[in-house]
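Respectively, the protein sequence lines represent chains A and B.
Position one of the first sequence corresponds to residue 1 (this note's numbering), numbered consecutively onward.
Position one of the second sequence corresponds to residue 429 (this note's numbering), numbered consecutively onward.
Heads up, the beta-carbon is just placed ideally off N, CA and C, and yes, glycines get one too.
For reference, the structure discussed in these notes is given below.
2 protein chains.
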Amino acid sequence: MRIEIVAVGTELLLGQIADTNSQWLGEHLAALGVGSHFHQAVGDNHQRIVLAFRTALARSDGVIVCGGLGPTHDDITRDALAEVMNVPLVRDEAVVERIRAMFSSRGREMPESNLRQADVPDGASVIAQTKGTAPGLICPVGHKVVYAVPGVPYEMSDMFERAIGPDLQRRMAEQGELEGTIASRVIRTWGMSESGLGETLADYIVGLDDEAGEGAGTATIAFLASGIEGIKVRVTVRAADSTTARALLDLHEDAVRSILTGAAGDVVFGIDDEAIEDAVARVLTTAGLTVGLAESLTGGLAASRLVNVPGASAWFRGSVVSYASEVKYDVLGVPEGPVVSEDAAKAMADGARRVLGADVGLSITGVAGPAEQDGQPPGTVFVGLARPGHGPEAFAFAVPGDRARVRQYATIAALDLLRRSLSAADPG
Amino acid sequence: MRIEIVAVGTELLLGQIADTNSQWLGEHLAALGVGSHFHQAVGDNHQRIVLAFRTALARSDGVIVCGGLGPTHDDITRDALAEVMNVPLVRDEAVVERIRAMFSSRGREMPESNLRQADVPDGASVIAQTKGTAPGLICPVGHKVVYAVPGVPYEMSDMFERAIGPDLQRRMAEQGELEGTIASRVIRTWGMSESGLGETLADYIVGLDDEAGEGAGTATIAFLASGIEGIKVRVTVRAADSTTARALLDLHEDAVRSILTGAAGDVVFGIDDEAIEDAVARVLTTAGLTVGLAESLTGGLAASRLVNVPGASAWFRGSVVSYASEVKYDVLGVPEGPVVSEDAAKAMADGARRVLGADVGLSITGVAGPAEQDGQPPGTVFVGLARPGHGPEAFAFAVPGDRARVRQYATIAALDLLRRSLSAADPG
Numbered sequence: 001m002r003i004e005i006v007a008v009g010t011e012l013l014l015g016q017i018a019d020t021n022s023q024w025l026g027e028h029l030a031a032l033g034v035g036s037h038f039h040q041a042v043g044d045n046h047q048r049i050v051l052a053f054r055t056a057l058a059r060s061d062g063v064i065v066c067g068g069l070g071p072t073h074d075d076i077t078r079d080a081l082a083e084v085m086n087v088p089l090v091r092d093e094a095v096v097e098r099i100r101a102m103f104s105s106r107g108r109e110m111p112e113s114n115l116r117q118a119d120v121p122d123g124a125s126v127i128a129q130t131k132g133t134a135p136g137l138i139c140p141v142g143h144k145v146v147y148a149v150p151g152v153p154y155e156m157s158d159m160f161e162r163a164i165g166p167d168l169q170r171r172m173a174e175q176g177e178l179e180g181t182i183a184s185r186v187i188r189t190w191g192m193s194e195s196g197l198g199e200t201l202a203d204y205i206v207g208l209d210d211e212a213g214e215g216a217g218t219a220t221i222a223f224l225a226s227g228i229e230g231i232k233v234r235v236t237v238r239a240a241d242s243t244t245a246r247a248l249l250d251l252h253e254d255a256v257r258s259i260l261t262g263a264a265g266d267v268v269f270g271i272d273d274e275a276i277e278d279a280v281a282r283v284l285t286t287a288g289l290t291v292g293l294a295e296s297l298t299g300g301l302a303a304s305r306l307v308n309v310p311g312a313s314a315w316f317r318g319s320v321v322s323y324a325s326e327v328k329y330d331v332l333g334v335p336e337g338p339v340v341s342e343d344a345a346k347a348m349a350d351g352a353r354r355v356l357g358a359d360v361g362l363s364i365t366g367v368a369g370p371a372e373q374d375g376q377p378p379g380t381v382f383v384g385l386a387r388p389g390h391g392p393e394a395f396a397f398a399v400p401g402d403r404a405r406v407r408q409y410a411t412i413a414a415l416d417l418l419r420r421s422l423s424a425a426d427p428g
Numbered sequence: 429m430r431i432e433i434v435a436v437g438t439e440l441l442l443g444q445i446a447d448t449n450s451q452w453l454g455e456h457l458a459a460l461g462v463g464s465h466f467h468q469a470v471g472d473n474h475q476r477i478v479l480a481f482r483t484a485l486a487r488s489d490g491v492i493v494c495g496g497l498g499p500t501h502d503d504i505t506r507d508a509l510a511e512v513m514n515v516p517l518v519r520d521e522a523v524v525e526r527i528r529a530m531f532s533s534r535g536r537e538m539p540e541s542n543l544r545q546a547d548v549p550d551g552a553s554v555i556a557q558t559k560g561t562a563p564g565l566i567c568p569v570g571h572k573v574v575y576a577v578p579g580v581p582y583e584m585s586d587m588f589e590r591a592i593g594p595d596l597q598r599r600m601a602e603q604g605e606l607e608g609t610i611a612s613r614v615i616r617t618w619g620m621s622e623s624g625l626g627e628t629l630a631d632y633i634v635g636l637d638d639e640a641g642e643g644a645g646t647a648t649i650a651f652l653a654s655g656i657e658g659i660k661v662r663v664t665v666r667a668a669d670s671t672t673a674r675a676l677l678d679l680h681e682d683a684v685r686s687i688l689t690g691a692a693g694d695v696v697f698g699i700d701d702e703a704i705e706d707a708v709a710r711v712l713t714t715a716g717l718t719v720g721l722a723e724s725l726t727g728g729l730a731a732s733r734l735v736n737v738p739g740a741s742a743w744f745r746g747s748v749v750s751y752a753s754e755v756k757y758d759v760l761g762v763p764e765g766p767v768v769s770e771d772a773a774k775a776m777a778d779g780a781r782r783v784l785g786a787d788v789g790l791s792i793t794g795v796a797g798p799a800e801q802d803g804q805p806p807g808t809v810f811v812g813l814a815r816p817g818h819g820p821e822a823f824a825f826a827v828p829g830d831r832a833r834v835r836q837y838a839t840i841a842a843l844d845l846l847r848r849s850l851s852a853a854d855p856g
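Quick look at the structure:
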């Protein structure tokens, strides 16, 4: 069963709003084991909506159309559906009554224009409206189907869960389609390039394809470079039920972790929604340590990520954002001299630890660009670390990008270094 | 000229990420006066990508395809383009060299798989990569065109602005389609709700419609709530040429400013891309003053916004992110007691000014939630201000939302207060 999603609304094409409905539907179709090979968006134009429906019906088993069911003159999904079904629109008196009752329950007169929402293509069945005034529609087109739901997200999701999902499952059962499920897991990494990850996992991926050919399973692996969030390795499996899917994901996660760790060390910092700051919180909490920052290059960005974690006050002391050199000298006690250097990074980390009363000090200094500073090119980053039982250490990185990217990469590089330094002997 | 956007990536169909690229492109195409009647999303499957391209080319004058240009095995947009163009892929040695240079500038070896990114369909031209490793492509298909850009948003937008936009304008000029121009201006505000702005400007908007009926102009006004970026009022005009368009925008900007200022005071902080931090930079530079921050609630977010401004070191001293109460007491000299209070905000601002050696101290304390703190509910924000020639002042705000939103709103509220306090007598 393959369903195409068609979002209707000129405001989507003009980029005035984001199409969150298609994302929601894609995710929920996948969870039902329903494939979706294409999405479309189209404006409020009759001929183009008809063309989008015909295109979708030609290449998929069915369509979910979102939007264009409202009461105003530019809500024309019903008319386009009637044309594609080649039937007239018929006013449904039961729907009229329900709309009228909704208005009177709010103490309001029903504007006449709302009656348009009771027009139903002949032969379609109605998904009763419970949250808004527009009903949804289930429209047979030959042996295929078009589901129409309002574009208001909570009306759309309500009708999907109440009517469309069950109807799809019934159709799949009739057609003897595997009532399986699709599940994914994201393995989050920092320290390898996307292509490096791809090459390291290439043999494993080829093995997955071979297995799929033998019918033993259908797992896929994809990579997603996510800037400040690191590079994501996404494993997706199809299985008969969610328990089996979870077990398969566990197996693949273990395998991917072990391949990556063998090739490049401790590059996996989290799973699914676990961001680098969550990983830092975990290692600090486990070690029973607090951290204080000294930020120059990153201007508070590292601190602002750490406070994203609920309960950060248990392990986060604060940060000295020492943007002016004098603040480094006067507040942090950095010796006067070049501030983009390993020595400055060490002194900043030591100063942060002392001034903020933290167990661990972490510092970030460097050059955001566009100009050089202290003879160092843009993208130069020094991270300083002051840990209990160690002398201050410094680590150099070169990161790409404009000012904003340099700051973001420097932040994740520094937080990842802190994570590694506390979870292993070797922070390199 | 009608351009269809095709987003490539199975993760889009599965709803794992939102398709923000299509939204961005739709908005920027409209600004150029380029129509977009359809968007599509398609997974990482060769035959389906080819089908999506053919469908798009059949109903539009050109296509922008986003994604699938990376170095890994599931990046197959190049191959699909070559099939649609009916040409082979040819390795471009100049692109190889640029990728190699990018890796070596970061001190890393180029994995062999990156060479795939140098494969170009025969007859296509390259949009040089400046931010990532994948170049963009301009592919002629008969008399139509397919532009291919990476799915990484900042690489995509960079290539659009640098190459695709200009190429589209050249094509429109050739086809005599540049009959007039569409231009927009964004008036950025903080301090009024979206509905408040709408009601205040309602009469003006009705007047615009009347004018349009008489053929005197076609201006429209739209509102866009943009969270941490404030609420945007977008004026769009269509005119014979860009000089006339600019003059019309000047007129409308003046009128909107004067209506808003009359109704609600100094709520307009910037125009177009001018963010609140740019406005702060402007007033500080004009006044010849430096600023230092003390942040508790916002955890470095306000500082990280200020350092976005190139040249910030001329007026930004730094920030003390005093997340732990002891840091407030010990570093900033805040008297022991409740830290979410007007008194604490005043003492923090005074401390920031003194510790960081700044002319002006600005502080932010409050409750991110979900729990109360110091008897104050989530969303409580106190902003402190210490200016030359004034005693420390404090201002209370109540902002909506979850932890992240509370922090973001508190940041823009504090920076807007700083802006107002330095540009007028009354910071209220």
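Mind checking if residue i is an interface residue toward chain A, Cβ cutoff 7 Å exclusive?
| i | result |
| --- | --- |
| H680 of chain B | no |
| S654 of chain B | no |
| N542 of chain B | yes |
| Q557 of chain B | no |
| L625 of chain B | no |
| A731 of chain B | yes |
| A644 of chain B | Since pLDDT at A644 of chain B reaches only 43, below the 50 mark, its modelled position is unreliable, and no value is offered. |
| G535 of chain B | yes |
Strictly under 7 Å for the Cβ-Cβ distance: is residue i near chain B by that measure?
| i | result |
| --- | --- |
| T365 of chain A | no |
| A410 of chain A | no |
| G213 of chain A | With a pLDDT of 47 at G213 of chain A, under the threshold of 50, the predicted position of this residue should be treated as unreliable, and no value is reported. |
| G428 of chain A | Bear in mind that a pLDDT of 41 at G428 of chain A, under 50, signals an unreliable position, so the model cannot answer this. |
| V8 of chain A | no |
| G15 of chain A | yes |
| E229 of chain A | no |
| M159 of chain A | no |
| A263 of chain A | no |
| V233 of chain A | no |
| A219 of chain A | no |
| R419 of chain A | no |
| G191 of chain A | no |
| G299 of chain A | yes |
Pull up the DSSP beta-bridge partners for residue i, would you.
| i | result |
| --- | --- |
| P388 of chain A | P388 of chain A pairs with nothing; no bridge assigned. |
| H39 of chain A | A:I5 and B:A469 |
| Q376 of chain A | A:Q373 |
| I615 of chain B | B:V661 and B:I699 |
| R519 of chain B | B:D547 |
| P140 of chain A | A:V145 |
| I792 of chain B | B:E723 and B:V811 |
| I453 of chain A | No information on residue 453 of chain A is available, as it lies outside the stretch 1 to 428 that chain A covers here. |
| S747 of chain B | A:V321 and B:L721 |
Could you check if residue i is buried or exposed, using at least 16 other CB atoms within 10 Å of its CB as the buried criterion?
| i | result |
| --- | --- |
| P798 of chain B | exposed |
| R598 of chain B | exposed |
| S375 of chain B | Any question about residue 375 of chain B goes unanswered here, given that chain B covers just 429 to 856. |
| H390 of chain A | exposed |
| Y751 of chain B | buried |
Under 6 Å from any heavy atom of the ligand SAH, does the C-beta of residue i make it?
| i | result |
| --- | --- |
| Q545 of chain B | Ligands displayed in this structure: none; no statement on the ligand SAH is therefore possible. |
The segment 41-61 of chain A: positions lying closer than 8 Å to chain B by Cβ: Here the close residues are A41, V42, G43, N45, R48, L51, A52, T55 and R59.
Residues of the segment 800-818 of chain B whose Cβ lies closer than 9 Å to any Cβ of chain A, in chain order: Listed by position, the residues of the segment 800-818 of chain B near chain A (Cβ gap below 9 Å) amount to none.
Residues of the segment 774-789 of chain B with Cβ closer than 8 Å to any Cβ of chain A, in chain order: Against chain A - using a Cβ distance shorter than 8 Å - the residues of the segment 774-789 of chain B are V783, L784 and G785.
Near-chain B residues of the segment 312-330 of chain A (beta-carbon distance less than 9 Å), N- to C-terminal order: Within the segment 312-330 of chain A, the residues whose Cβ lies closer than 9 Å to any Cβ of chain B are, in chain order, A312, S313, F316, R317, G318, S319, V320, V321, S322, Y323, A324, S325, E326, V327, K328 and D330.
Residues within the segment 442-467 of chain B neighbouring chain A, beta-carbon criterion of under 9 Å: For the segment 442-467 of chain B, the set of residues with a beta-carbon nearer than 9 Å to any beta-carbon of chain A comprises L442, G443, Q444, I445, A446, D447, T448, S450, Q451, W452, L453, G454, E455, H456, L457, A458, G463, S464, H465, F466 and H467, in chain order.
Runs of beta strand (DSSP E) wholly within the segment 474-546 of chain B (minimum 3 residues, chain order): Qualifying beta strand (DSSP E) stretches, in chain order: 490-494 and 517-519.
Contact set between the segment 818-832 of chain B and chain A, restricted to residues whose Cβ is under 9 Å from the partner: Answer set for the segment 818-832 of chain B: R831 and A832.
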